[in-house]
Every structure is written in C-alpha cells, then in structure tokens.
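Undergrad: Here it is: the structure, laid out below.
Protein chains: 2
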Amino acid sequence: MTEAAEQAAGRRGRGGGGAARRAARSAVSVETARYISRNIPNLDVLNEEALSIIETNAETVLAEIGVNFVDNPEALDRWRAAGAEITGERVRIPRGLARQLCATAPSGFTQHARNPERNVEIGGRNLVLAPVYGPPFVRDAQSGRRYATMEDFRNFVKLGYMSKWLHHSGGTVCEPTDIAVNKRHLDMLQAHMLYSDKPFMGSVTEPVRAADSVEMAKLLFGSDFVDQNTVMTSLININSPLTFDSVMMGALEIYARANQACIISPFIVGGAMAPTTVAGTLTQVLAEVMAGVAYSQLVRPGAPVIFGAFVTSIDMNSGAPTFGTPEAALITYGAGQLARRMGLPYRSGGSFCGSKLPDAQAAYETANSLNMALLAGVNFMLHSCGWLEGGLVASYEKFVMDADQLGALHHLARGIDMSENGQAMNALREVGPGGHFLGCSHTQDNFKSAFWRSDLLDYKPFETWDEEGARDTQALASARVAKMLGDYQQPALDPAIAEAIQAFIDQRKASEPDAFG
Amino acid sequence: MTEAAEQAAGRRGRGGGGAARRAARSAVSVETARYISRNIPNLDVLNEEALSIIETNAETVLAEIGVNFVDNPEALDRWRAAGAEITGERVRIPRGLARQLCATAPSGFTQHARNPERNVEIGGRNLVLAPVYGPPFVRDAQSGRRYATMEDFRNFVKLGYMSKWLHHSGGTVCEPTDIAVNKRHLDMLQAHMLYSDKPFMGSVTEPVRAADSVEMAKLLFGSDFVDQNTVMTSLININSPLTFDSVMMGALEIYARANQACIISPFIVGGAMAPTTVAGTLTQVLAEVMAGVAYSQLVRPGAPVIFGAFVTSIDMNSGAPTFGTPEAALITYGAGQLARRMGLPYRSGGSFCGSKLPDAQAAYETANSLNMALLAGVNFMLHSCGWLEGGLVASYEKFVMDADQLGALHHLARGIDMSENGQAMNALREVGPGGHFLGCSHTQDNFKSAFWRSDLLDYKPFETWDEEGARDTQALASARVAKMLGDYQQPALDPAIAEAIQAFIDQRKASEPDAFG
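Going down the list, the protein sequences come from chains S and U.
Residue numbers for the first sequence, in the numbering used here: 390 to 906.
Residue numbers for the second sequence, in the numbering used here: 390 to 906.
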C-alpha cells in the first residue's frame, strides 16, 4: 500500500467519509432514488400448512439425502464438528441443525457505499436494485451482438451510475472478455470504484479474487472501516442440486471471515436442476439455502447473508430456459415466504427474458418478472435491468428501458396515501358532477408528484410521433444511451485513493501470467 | 321473425341447445380454455381503516354532492320514489340508501354462449377474458394504421374465436367505420353470432340499439331462453365525474329490464375526470358505481351487474393518458377490494398501453396491467388483448401477442400443487446431489404439463433464430395472424337461425336512412 493510500485510508477510517464529502461537493449532481421501502403487502401464495410441509421436506432432504461439499476437507471438518454426519463428501444434517445454525445470521444489514448517501439497507420491507450480472456478450442497436469488452463494462457502470432508479452498481455487469480471466476482476472492481459511487459486489470466481476484492475495498474505504462494516455483497451460487463447490465456498469463506455479505443462491433451471414442480423446487431451494447459510455461520457466526433464489422454468420442447413464466413467479412468491420465516433478506427476480432483442417478448417477460419481484418481497434484486437472451447478453438499450421501468416499482411500493390531501374530498366538492379536475386547486397542488411518468417512453400525439420518425422503444432507448454516456461525469474521488488502487492492480497483474478461457 | 327462426328459437327454447349440439358435432375443434378460477390470493393494498374511510367518503359524495342523471325524467322519478333528494337533474342519495339498493344485485351470474361449453361464470374467484373494445383504427405490420372496417371486425372476431385463452368474443372489437353509425351494431352482433360461438356483448350506443341486441339474441338463443337467462354482458360507461347520461342509462334500462348484464363503469383519466390521488379516485369510483348499480336495481331488482373501473393516469406534461402505471395499479387493487365488499363481480384491467407500435413499451405497459388485473381479483377483463395507442387502435399483431400472454395468467392462477406428486420428494431422492432431473421418472411423468409454454414467442437457440431471419415479436405475430385467419373455419349454426338474423337485419336496415358521424 502506498503512503498516500495509507493516509487516505486512514483519514477515511478515522473521519468516516473524506471521499464522500468530496463526492458531495462535486459539481455534477446525479439523482439517485432512495432504495424502495414497501408500503404495500407481499403476495403470500402458500398457506401455513403448505409452508410447514415444505419446511419439513427440506429438513428431510438435508437429513436423509444430504448435500455435497466438494474438494473441501475443511468444510467437512466444520460440519462434522457441528454435528453433521459425513460420508465421503456427503454432508447429512440432522433435523433442526441447519435452521439452528442459520439463527445467528442477521435479518438485515447496511451495505456501505463510498458516498454515504448511496448506502443501502438490505432486509425488512426494503428493495435494493442492482443491474444485470454475468453476460459474456453485449448488444446495441448499432453493432448488434458481440463479445463484451472492458470498455463495455465501464459503459454499463456509467449507465448504472446515472440511472436514477438503480441503487447499486452491481458486479459483473458484463464479462470483459478482452482481459485475462485471472486479472479482469481487478479492472472490474476498479471500474465500480472509480466510475460510480454506488455500492458494488466483489469477485467470486476464485477465492484469491475474493481476497483481492477485500484488499481493494480496504484501499477505497479504509482498512478499519471494512473490518467493521459491510461494503460488498457478493454472489455465491450453489451448484444445484445440492452441491457446494470449493471455488464458490472458498469465496464465501473469505467474505464471511471479512464480515462481507454473500447472496447464497441456488441457480436452478426447473426440470433440469430441480424437480418440474413448484413445491419440489421450493423444497430444494430451502434445503440448499439452509445448508449454505448454515455453513456461512460456521465460518463466522453473524456474517451477513441473503437467501437467494435464481429460478427459471424450461421449455420442455427445446430444453431452453424460459423467463417471465408463471411457474417461476410461483416459486419466487413462495421462496419469499420461506425467506421471511427464516428471518433472512431475500434475493430474487430480475429483468429476465429469453428474447434475442429488446422487443415486446423481452418486455412482457421482464415486466412479469419485475412485478413479481416487488410483490414477492424481494430485498435485493440483481439483474434488475439490462438482461437479454437468457442472460447471455447485456443490452445497452434494454438497460435504460428496464431502468426506467424500475421507477414504476418505486411508485407502486408507496401504496395509497390516506391523508386528508390523499382523500381529496375538497377536490370532489369543488368540481362536482360534469366538471373537470385539471384546473381545480387540489390538482394544481398535487400534479407534479401525482403520477409516475416514464422518462423514456413515448407519450406524444400520434402525428408528432409519426413526424419525428415513428420510433419504437429500442430507437428511443438507443438515443438515450448515447446521451447518457455523453453527459457522464465521473464522481470525485481522492486521487491518492485512485492511485493506491491502481498500484495494487499493477502489482497483482505483474505477479502472474495472463490466463484465458 | 321468420317461421324458420321461430322454429329454431322454439327448438332452442325447449330443448336447450340445438345449435350448440350441432356446433359440438362440427369437424373443426377449436380449443378454448375454461375461464380462470383463481387458486391464489388477491393482493389487498388497503387495510380495514382505509376501506372504511373510502366507503364513508363515497356516501358523503352521494349524500352531499350528489350525481346528475341528465335528460332522464323517469330516472329522477325512480330516484325520488326511492327516497333520494332531487334538485333539477341532481340526485342526492341519503347515506346508506345506495348500498341498500345494491343489495339485490347478484354476486355472480352465468353468461350463456350459444355453445354451452363456452358459458362463463362471472363472479367469485373467476376471471373471464374478453378482447379489446372500441378502437376506430386498426394496425397491422403490412399496412400500418388505418380506419377500421367491417372486414377488420370480422377478422378480430375470428381471431378471438381461435384464441385458446380468450373466453369471450367481446363487443366492439373495432369500430367498423365503413358502416353507417345507426346500423353497424346489427352487423357487429351478427359477426359475433356467426363467426364465433363464445359469449358476446350487446350494443349501448342508443337505447334502440340495445333493444335490437336483445331481439337478435332472442333469434339466436330463443325468446324464452333469453327471458330466463343472461346471454349478453354490455358496457355502460359513466360520464365521470358523477354524471349519468340518458343514452347510456337508456341502454342500461333496456338490458336490466331484459335481465341482461351490464358493466357499470366509471371511465376515468385520473387528474382530468377524477382527483389526482388514488384515494380520491377510489372514492369517486365507488360513489359512481354505487349510484349506477342502485339505479339498475331500481329498474329491475336482481338484474345482473358488474362493478366496473376503467382508470388510467395522465401525463401531466402533455395531458396524454398513460397506461400500465403504478397509480392505475393501486386504484385497480383498491377498487377490487371495494367491489368484493359490495359482493359484486368486478371488471377492470386490460392490455392497456399508450405505445403506437406493438413494441417493448406496449408490452411493458400491457404486462403491468395484465398482472395487476389477475392479482386485483378482476372477474371480467375487457380489453384483455389487442389494445394499442391508448385504445385508438386495435392491433392485429398485438391481439395474438397479448392473447398468448393470457395463458400465463391461467397457469399463475392455479397456485401451487401441494399433492404428493407436487412435493416431488421421490424425484429429490432419485436424483440426489449433482444429478440431473431431466431423465428422472418424476420428470418423465410430469414434463408435458409442468411448465406454461408460449405458443408464439421465440425460445430457439441464437443461431437458429438468426438464420431464420432474426425476427422480432411483431414479425412472429404477423405470421401467426395470417396463419390463424387462413385456418379459420366457421362454427356450425342452424341455417334457419342465420337466415332469421339476416332477415331481421335487412328489415331494420331498410327502416331508416344511413347516418354517419
């Protein structure tokens, strides 16, 4: 660590937010909505009896079938010590043990951003929105579909920073395939740290990359601050069915020990990695999450975790995963109930679609998924914008289209204002039968905030729209992408911190040869 | 009435379904799903206190502000006799009176189709889906936007007949602008009667046209049958705010006297015809529906009615109505609760959108609305497919796109199967950690019915899709429309009935000159 960085980190650690104060003084203000706090109920599709059946079945799965912890003797030792029965790599967990171990996990946590105004509270009635994660390809209206590069990655971080309804910068917004596999995590983290001031995710593709993520976070936030606070939420996928590999568990172990948050998430294409039925899939999801969360608490009791559920259905004709489907919705609703009964924050939902283009199919499927996620009580929604083609593609246009739709979720979650102004009896009296409300005083007082308004979609008269080129949503979004990237200005960051991060990256990159594939 | 028609009507009246039996014997079988019976809960956004406030406020509106019954001295006489206070055309309804009068309205009813297999039950936990209503324009991918004709009308009836997830043929699926205003209702009804065997709606644009609708229904179903059963559900819009005009009320009077069903529906662009707030709009909706339903029961106690709510929000920048918005969703959820507390079937929702094209905007807005309607407990969804450009346009492509999405609502409404097969413990045991479910016996037994599958959208691998022309959803739908219209075969109908209907139309058309505009 350079002296400047030590000083910067020290200042941050002591004073709590030197970089943040500088960011706040920055000339360019980018509006970001506060994370959603729901004032509407969740949709509970399972009754008490059904929930009990699923919970009992999940305990049966853990006790009688068990889960595999692969290539991970330390994990087996931990489980043995905790009272599980170990046979080879199979861990059978006696009834009640996993749930008991999960009890030390917090019901919610604060994830800090370098700009404290962007901190998010994950849990309770809140919903935090993060962008698409993982696509190896990108698509835009001009160039079509192509492999993603680091330039694309930076562009998506910039778009996320400028998107009002996104609370979180995410993680692998696309895979920068032009950078070596063993080094791209460094550039990705740097991009989140430099080009946004929203919270972000760490690397999970190797334990050492998780360790690098923690080190880089210490340079940004200060070492003490990271020891005492959660500054990263990272995605730990379970190899469904019932398998925990050593790469993902290695990353989990590093983050849990550092008190950093993990989403512990079954990754399920229904019918392939889980049974074809909703109740069967929910049973497996619950068993897997209980085993994963319990393990995180064996590593460090109290480590922050999120109950994850990534679930899609499958087209039994072609084997293709399908999105925005009713079965996936039922699983998402049910898993939310199970997560709340465990007292854990819940991750699910996203801008899921199978379409190759940001067309009507993409939007139907995405809107189905976004509405479901809001009503299912999701607390952290990864993939909330930009997902295309089953997650193979990050779409520039769909990123801004979806990000605009996220505004509707914020307004829906507000629920119904029953104040005197909300009741509007004065307006009803003033206008009376046959009148018009547009001019009445209540409307004048309320019109600015009364209705959510898309900032992107077309509300123009037909003739105007036609004269302006009869553009569809993709064309409107394409223009918006260009404008946002043109307007983008980097949030201020102490140059000493930026230099320290760069020095760390240079040193790490020099320490090993490039690996590809 | 011709002798043949009398005989046909008599047979139907006596035997109950001669035409239906012939239709059932027809060579071409068109699959139609049973109307939806929900096995999932409704989303209740208002608590008991909020509901009470709105109900009290609605009674205040009726008692203190009142409603206008325009150009309708008979209606004023009825209201006076019932105990309302009349001043000019203003009707002030004492607290409790409207609700008391509404109590004779049934909580649900059967609407009969000429094919009894297509009968629908409107009310309870059911949802009946009907297509778009009212657009003066149509759009298709080949010809763009143009005025609708009678040929378009017939085409939309045919598409509705062939759409598996549509339960109802609807009413004015588009305005046939090439037929005289005072005669087109005859051709429209004839099209529903001849080209479909699903239930349909009657004309409401003049009381005499409502009377024609009843007469034509008697030719189709038999006179006695229509006297004793509901065979039409028609749309009575309220001139919001708080105004009941004599045309709509005249149609309502005719249908109520004939024991035919009416949807009594405020038509509200929020901020223009109602206050800008959700609670204020709900208050107005409830007051208007209570006054309208009470009036229907003054005409004939027990007449079947539906609590309607057509509500959109407004773009306060341009004054354009906006669709698929969160405020409209909150109103739709809240109005559903109010309807259920009145014990009335509920109409709301639709494939609403403001977009000019069947693009992503159209699909986002539509999916928001369709999901909302399902979860709001809607019993009758008019406009459930085909709506474009704020209802100015019936879109061929969007009709089949939306109709396909309605399948997802059917599957979502099924809820979660908690049977032993649904729990799938055998599958979990058989497959175990690290296995694959595709080949297991439980999957083999269930895969055909496990997942909803779009019959239209693209699930192909990227390369196949690309080779086949990289088509977007509109292009896929355009091909589907052509295929459906090419495959269409008319459902069988007793020729004597068809002749009687034609003779009635000829006679009515000859009785007065054409009127346009």
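Every residue gets a Cβ at the ideal spot worked out from N, C-alpha and C, and that includes glycine.
All figures in this text were calculated on a predicted structure; none of them were measured in a lab.
#1: Which value, in whole angstroms, describes the spacing of the CA atoms of U:Tyr584 and U:Gly591?
#2: Taking Cβ-Cβ distances below 8 Å as the criterion, which residues of the segment 674-706 of chain S are in contact with chain U?
#3: Quick check: the Cα distance between U:Met638 and U:Asp466, rounded to an integer number of angstroms?
#4: Using a Cβ cut-off of 9 Å, pull out every chain S residue sitting near U:Glu716, in sequence order please.
#5: So, is the C-beta of S:Ile890 closer than 8 Å to a C-beta in chain U?
#6: Of the choices S:Gly723, S:Cys774 and S:Leu874, whose alpha-carbon is the least far from that of S:Pro524?
#7: If the cut-off is 8 Å on Cβ atoms, which residues from the segment 570-596 of chain S count as contacting chain U, listed in chain order?
#8: Would you report the Cα separation of S:Val527 and S:Cys563, rounded to the nearest angstrom?
#9: Does DSSP classify U:Tyr536 as helix, strand or coil?
#10: Answer with buried or exposed for U:Asn461, where buried requires no fewer than 16 other C-beta atoms within 10 angstroms of its C-beta.
#11: Go through its chain and collect everything with a Cβ distance to S:Gly779's Cβ below 6 Å, but skip five positions before and after it.
#12: May I ask you to list, following chain order, the residues of the segment 496-522 of chain U that have a beta carbon less than 9 Å from some beta carbon of chain S?
#13: Based on the DSSP secondary-structure assignment, which residues constitute the bridge partners of U:Gln500?
#14: At least one CB of chain S closer than 8 Å to the CB of U:Gly660: is that the case?
#15: By the criterion of Cβ-Cβ separation under 8 Å, what are the contact partners of S:Gly743 in chain U?
#16: Check the DSSP bridge columns for S:Arg479 and list the partner residues they point to.
#17: Give the range of the beta strand (DSSP E) segment to which U:Ile657 is assigned.
#18: Taking the straight line between their C-alpha atoms, what separation do you get for S:Leu882 and S:Asp586?
#19: Is the distance from the Cβ of U:Phe633 to the Cβ of U:Val456 below 8 Å?
#20: If you draw a straight line from the C-alpha of S:Arg842 to the C-alpha of S:Ser635, how long is it?
#21: Please report the residue range of the beta strand (DSSP E) in which U:Ala783 lies.
#22: Check whether the Cβ of U:Ala422 lies closer than 8 Å to any Cβ atom in chain S.
#23: For a cutoff of 8 Å on Cβ pairs, would you count S:Arg411 as touching chain U?
#24: Of the choices U:Asn648, U:Ile429, U:Gly669 and U:Gln579, whose alpha-carbon is the least far from that of S:Val820?
#25: Look at the alpha carbon of S:Ile720 and the alpha carbon of S:Gly681, and state the distance between them as a whole number of angstroms.
#26: Whole angstroms is fine: what's the gap from U:Ala749's alpha carbon to U:Ser737's?
#27: Looking only at C-alpha atoms, which of S:Asn428, S:Met679, S:Gln812 and S:Glu716 sits nearest to S:Ala487?
#28: So which residues of chain S does U:Pro630 contact, with C-beta pairs closer than 8 Å?
#29: For the alpha helix (DSSP H) that U:Asp529 lies in, which residues bound it at each end?
#30: If you drop the 5 nearest sequence neighbours on each side, which residues of the same chain put their C-beta closer than 7 Å to that of U:Val767?
#31: In whole angstroms, what is the alpha-carbon distance linking S:Ser532 and S:Arg469?
#32: Apart from the five residues on each side of it in sequence, which residues of its chain come closer than 8 Å, Cβ to Cβ, to U:Gln891?
#33: Hey, quick one: how far does the alpha helix (DSSP H) through U:Ser707 stretch, first residue to last?
#34: Taking the CB atoms as reference points, tell me whether U:Ser552 and U:Ala792 lie closer together than 8 Å.
#35: Could you tell me if S:Tyr536 is buried or exposed, where buried requires 16 or more neighbouring beta carbons within 10 angstroms of its beta carbon?
#36: Please list the partners that S:Asp433 has in chain U, where partner means a Cβ-to-Cβ separation under 7 Å.
TA: On the basis of the supplied data:
#1: Locating residue 584 of chain U in the second sequence gives position 195, counting from the first residue. Locating residue 591 of chain U in the second sequence gives position 202, counting from the first residue. In a straight line, the C-alpha of U:Tyr584 is about 16 Å away from that of U:Gly591.
#2: Ser702, Ile703, Asp704, Met705 and Asn706
#3: Within the second sequence, numbered from 1, the residue matching residue 638 of chain U stands at position 249. Within the second sequence, numbered from 1, the residue matching residue 466 of chain U stands at position 77. If you take the alpha carbons of U:Met638 and U:Asp466, they lie about 14 Å apart.
#4: What you label residue 716 of chain U is simply residue 327 of the second sequence in a count that begins at 1. Within chain S, the residues near U:Glu716 are His800, Leu801, Ala839, Phe840 and Trp841.
#5: For the purposes of this step, residue 890 of chain S is taken as residue 501 along the first sequence, with counting starting at 1. For S:Ile890, the answer is no, since every Cβ of chain U falls outside 8 Å of its Cβ.
#6: As a first step, residue 524 of chain S must be located in the first sequence, where it is residue number 135. Selected option, being the one with the closest Cα: S:Cys774.
#7: none
#8: For the purposes of this step, residue 527 of chain S is taken as residue 138 along the first sequence, with counting starting at 1. For the purposes of this step, residue 563 of chain S is taken as residue 174 along the first sequence, with counting starting at 1. Roughly 7 Å between the two C-alpha positions.
#9: For the purposes of this step, residue 536 of chain U is taken as residue 147 along the second sequence, with counting starting at 1. Here U:Tyr536 sits in strand by DSSP.
#10: Within the second sequence, numbered from 1, the residue matching residue 461 of chain U stands at position 72. U:Asn461 should be labelled buried.
#11: By one-based count along the first sequence, residue 779 of chain S stands at place 390. Pro710 and Gly743.
#12: Hits within the stretch: zero.
#13: If you number the second sequence from 1, residue 500 of chain U lands on position 111. In the DSSP output, where bridge partners are listed per residue, U:Gln500 has U:Val509 and U:Thr619.
#14: Counted from its first residue, the second sequence places residue 660 of chain U at position 271. By this cut-off, U:Gly660 is an interface position.
#15: By one-based count along the first sequence, residue 743 of chain S stands at place 354. Proximity of chain U to S:Gly743 at the Cβ level (cut-off 8 Å) is accounted for by Leu846, Asp847 and Tyr848, in chain order.
#16: Position 90 of the first sequence, counted from the start, is the residue given in the question as residue 479 of chain S. Bridge partners of S:Arg479: S:Asn457 and S:Thr476.
#17: The count along the second sequence starts at 1 and reaches residue 657 of chain U at position 268. U:Ile657 -> beta strand (DSSP E) spans Ala650 to Val658.
#18: In the first sequence, residue 882 of chain S corresponds to position 493, counting from 1. In the first sequence, residue 586 of chain S corresponds to position 197, counting from 1. About 9 Å.
#19: Your numbering for residue 633 of chain U matches position 244 in the second sequence. Your numbering for residue 456 of chain U matches position 67 in the second sequence. Yes, these two residues count as a Cβ contact at 8 Å.
#20: Start at 1 with the first residue of the first sequence, and residue 842 of chain S comes out as number 453. Start at 1 with the first residue of the first sequence, and residue 635 of chain S comes out as number 246. The alpha-carbon atoms of S:Arg842 and S:Ser635 are separated by roughly 47 Å.
#21: As a working mapping, residue 783 of chain U is identified with position 394 in the second sequence. Start and end: Val782 to Ser784.
#22: Taking the second sequence and counting its residues from 1, one reaches residue 422 of chain U at position 33. So, not an interface residue.
#23: Counting from 1 along the first sequence, the entry for residue 411 of chain S is found at position 22. Reliability fails at S:Arg411, whose pLDDT of 47 lies under 50, so the model's placement of it is uncertain and the value that follows must be treated cautiously. So, not an interface residue.
#24: Here the question's residue 820 of chain S lines up with position 431 in the first sequence. Answer by Cα proximity: U:Gly669.
#25: As a first step, residue 720 of chain S is located in the first sequence; it is residue number 331 there, counting from the start. As a first step, residue 681 of chain S is located in the first sequence; it is residue number 292 there, counting from the start. A straight-line Cα-Cα distance of about 19 Å links S:Ile720 and S:Gly681.
#26: In the second sequence, counting from the first residue as 1, residue 749 of chain U sits at position 360. In the second sequence, counting from the first residue as 1, residue 737 of chain U sits at position 348. Each residue's alpha carbon lies about 23 Å from the other.
#27: Residue numbering aside, residue 487 of chain S sits at position 98 when the first sequence is read from its first letter. Cα-wise, what sits closest to S:Ala487 is S:Met679.
#28: Translated into the one-based positions of the second sequence, residue 630 of chain U becomes position 241. For a Cβ distance threshold of 8 Å, residue set Leu817, Val820, Gly821, Pro822, Gly823, Gly824 and Phe826 of chain S lies close to U:Pro630, ordered along the chain.
#29: Here the question's residue 529 of chain U lines up with position 140 in the second sequence. U:Asp529 -> not in any alpha helix (DSSP H); beta strand (DSSP E) instead, spanning Phe526 to Asp529.
#30: Here residue 767 of chain U corresponds to residue number 378 of the second sequence, with the count starting at 1. Leu516, Gly725, Tyr735, Arg736, Ser737 and Gly738, listed in sequence order.
#31: As a first step, residue 532 of chain S must be located in the first sequence, where it is residue number 143. As a first step, residue 469 of chain S must be located in the first sequence, where it is residue number 80. Looking at the two C-alpha atoms, the distance is approximately 54 Å.
#32: Counting from 1 along the second sequence, the entry for residue 891 of chain U is found at position 502. Hits under 8 Å: Gln579.
#33: Taking the second sequence and counting its residues from 1, the one referred to as residue 707 of chain U is at position 318. Where U:Ser707 is concerned, there is no enclosing alpha helix (DSSP H), given that its DSSP letter is neither H nor E.
#34: Taking the first residue of the second sequence as position 1, residue 552 of chain U is located at position 163. Taking the first residue of the second sequence as position 1, residue 792 of chain U is located at position 403. The answer is yes: Cβ separation under 8 Å.
#35: Counting from 1 along the first sequence, the entry for residue 536 of chain S is found at position 147. The residue is exposed, with fewer than 16 neighbouring Cβ atoms inside 10 Å.
#36: Here residue 433 of chain S refers to the residue found at position 44 of the first sequence. Simply Pro430.
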